[in-house]
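Undergrad: Numbering (full-length UniProt numbering), first residue to last: 1 to 556.
(1) Distance, Cα to Cα, residue 353 vs residue 391?
(2) Can you grab the Cα-Cα spacing for the pair residue 82 / residue 114, in whole Å?
(3) Between residue 196 and residue 146, which are expected to be in contact by the criterion C-beta below 8 Å, what is the C-beta distance as a whole number of angstroms?
(4) Rounded to the nearest angstrom, what separates residue 357 and residue 182 at their Cα positions?
(5) If the criterion is Cβ atoms closer than 8 Å, does the pair residue 446 and residue 519 meet it?
(6) Kindly indicate the opening and closing residues of the alpha helix (DSSP H) around residue 398.
(7) Sort 424, 438, 499, 135 by Cα distance to residue 549 and report the nearest one.
(8) Among the candidates 368, 343, 389, whose CA atom is the shortest distance from the CA of residue 351?
(9) For residue 194 and residue 151, I'd like the C-alpha separation in whole angstroms.
(10) Tell me residue 227's beta-bridge partners as DSSP assigns them.
(11) Starting from residue 306, follow its DSSP beta bridges and name the residues at the other end.
(12) Which residue marks the beginning of the beta strand (DSSP E) containing residue 241, and which one marks its end?
(13) Skipping 5 residues on each side, what residues in its chain have a beta carbon closer than 6 Å to that of residue 110?
(14) Identify every run of the beta strand (DSSP E) within the segment 249-297, keeping only runs that are complete inside it and at least 3 residues long; order them along the chain.
(15) If I measure Cβ to Cβ from residue 22 and keep anything under 7 Å in the same chain, skipping five residues before and after, which residues do I get?
(16) Please work out which residues of its chain come closer than 7 Å, Cβ to Cβ, to residue 84, disregarding the five sequence neighbours upstream and downstream, and give them in chain order.
(17) For the alpha helix (DSSP H) holding residue 531, just list the boundary residues, first then last.
(18) Counting beta carbon pairs with one atom in the segment 155-168 and one in the segment 253-269, are three or more of them shorter than 8 Å?
(19) Confirm, please, whether the CB-CB distance from residue 209 to residue 156 is below 8 Å.
(20) Give me the Cα-Cα distance between residue 326 and residue 366, rounded to the nearest whole angstrom.
(21) Entirely within the segment 176-224 and at least 4 residues each: give me those alpha helix (DSSP H) ranges in chain order.
(22) Since residue 370 is in the beta strand (DSSP E), which residue starts that stretch and which ends it?
(23) Using the beta-carbon count (16 or more within 10 Å), is residue 311 buried or exposed?
(24) Quick one: what's got a C-beta closer than 7 Å to residue 403's C-beta in the same chain, skipping five residues either side?
(25) Taking residue 58 as the reference, give the member of 276, 141, 397, 370 with the closest Cα.
(26) On the three-state DSSP scale, how would you describe residue 135?
(27) Note the first and the last residue of the continuous beta strand (DSSP E) segment covering residue 130.
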């Protein structure tokens, strides 16, 4: 999209008047920059021409696989081996283990069942540990009974968590509440159903006096949000550390979704905690408050991937701004080639209904058009009545949305937004995507060891799938030999368009012979997976010695 053709919103058009102050000018420039950024973000989802026939035509159920990946939260409705096999066959790529609920033993049983299902179906699936993260909660109540708060009434909040609350006083778990809050701040309780306006704070007494903005009922141990307030909470709680070290590391998990990331240094802290395990486990950042949005760029530099967690974020920023935040975050992730997951209530009604609402279906499609790498199911797959159906419907929506994209326009936008000079590897990856388009290839095959080249190809959003063939690396230390595991293949499952394939080692005498054997085996597997057929043109990227090669192959 050409910036010259964009007209700024009316607020940016000024009549002749007094010169702007430096602060006002900076605000104007920041606002205009954000407007242009959002316009480009929408531009990344440029759609191809769509006709009436295409709208009315049914999508054939021919087993096609979407480029967009599907993350499923596992829970009571989806933890049995038969159901996990169904989810894998329906299109689940990543299994999310939500450690806000359940014990280590519970999650271990679910993971063991998943491994059995993966073995039975021969379908690869990544494992994500989603931390509970730091939180603020209301305390216990007298007699354990909910209390009624009335609009206009005053209520005092104490940080003494031993106090059992009533209609006049309740407790909250954050000790620095009276220090960090100031009059005029807002406190949201119980998923935003209760709004409290701060009147005064008394740090010495550990209390905050508030005014209720609405009438509602408050139960025990409800979640609390403090919009716009910088809070002093740890990135990882003691529970998070135990979950990671006692469950995640021993089970060789692929990624950790780090809740409540507020700044780039939070990720440095997590990697320091992981120590030697940081090389094997990828970090996915969840920005869930205003501080995280403000520091988004520095978070993005430090993180491996990103989740647009719209639940808590929707409590922290105005609801009408969520779509802008989503587009901005996805766009910036796309530019850096870092995978991004769009989450929260995507098909929420399917917890009880066999069909999603029209708004939900549109939400999933729009996330795909925005450029998301993955879409996520939460309660729909964890505790819903139709987990398999939810995955199938999500898959169909993704395929339909992907078929509507103008891939040439997306490629041009990515090239335009990538600073020069490119690295040799990125230049190779972008050239492969362009060659695939010009040669009308049906597949791009990348022979890789760590997956870096394949991920760079995915950054440029080719129209065709990318078969990432993970070639084993044989290493030796004296007489101890080892072969790289399948972790890089599983971790690539969150990249849009990437289809990982584990290659077996070859005993051929030369590097070129070994490469050719693996490439032919990959093409044979691609035909079996219906990614291409005999006679098709396929683009292959691999190394011979120190040289990198891009070539066009004809499938035999």
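C-beta: ideal position from N, C-alpha, C; glycine also.
TA: On the basis of the supplied data:
(1) 13 Å
(2) 10 Å
(3) Not really, about 16 Å apart at Cβ, beyond 8 Å.
(4) 41 Å
(5) no
(6) First-last of the alpha helix (DSSP H) with residue 398: 387-403.
(7) For residue 549, the closest C-alpha among the options 424, 438, 499, 135 is that of 424.
(8) 389
(9) 10 Å
(10) DSSP output for residue 227 lists no bridge partner at all.
(11) 285, 340
(12) Taken as a continuous stretch (DSSP letters only), residue 241 belongs to no beta strand (DSSP E), being part of the alpha helix (DSSP H) at 238-243.
(13) 74, 79
(14) With a minimum length of 3 residues, the unbroken runs of beta strand (DSSP E) contained wholly in the segment 249-297 fall at 255-258, 282-286.
(15) In this prediction, residue 22 has a pLDDT of 38, which is less than 50 and means its spatial position is unreliable; what the coordinates show is noted afterwards. Closer than 7 Å at Cβ, skipping near neighbours: no residue.
(16) The beta carbon of residue 84 is closer than 7 Å to those of 78, 113, 114, 117 in its chain, skipping five residues each way along the sequence.
(17) Counted as a single uninterrupted DSSP element, the stretch harbouring residue 531 is not any alpha helix (DSSP H), since DSSP gives it neither H nor E.
(18) Segments in contact, no.
(19) At the C-beta level, residue 156 and residue 209 come within 8 Å of one another.
(20) 10 Å
(21) 177-180
(22) No beta strand (DSSP E) contains residue 370, which is instead part of the alpha helix (DSSP H) from 358-370.
(23) exposed
(24) By the criterion of a C-beta distance shorter than 7 Å, residue 403 is surrounded by no residue of its chain, once the five residues flanking it on both sides are discounted.
(25) When only C-alpha atoms are compared, the closest one is 397.
(26) coil
(27) Element bounds for residue 130: 126-130.
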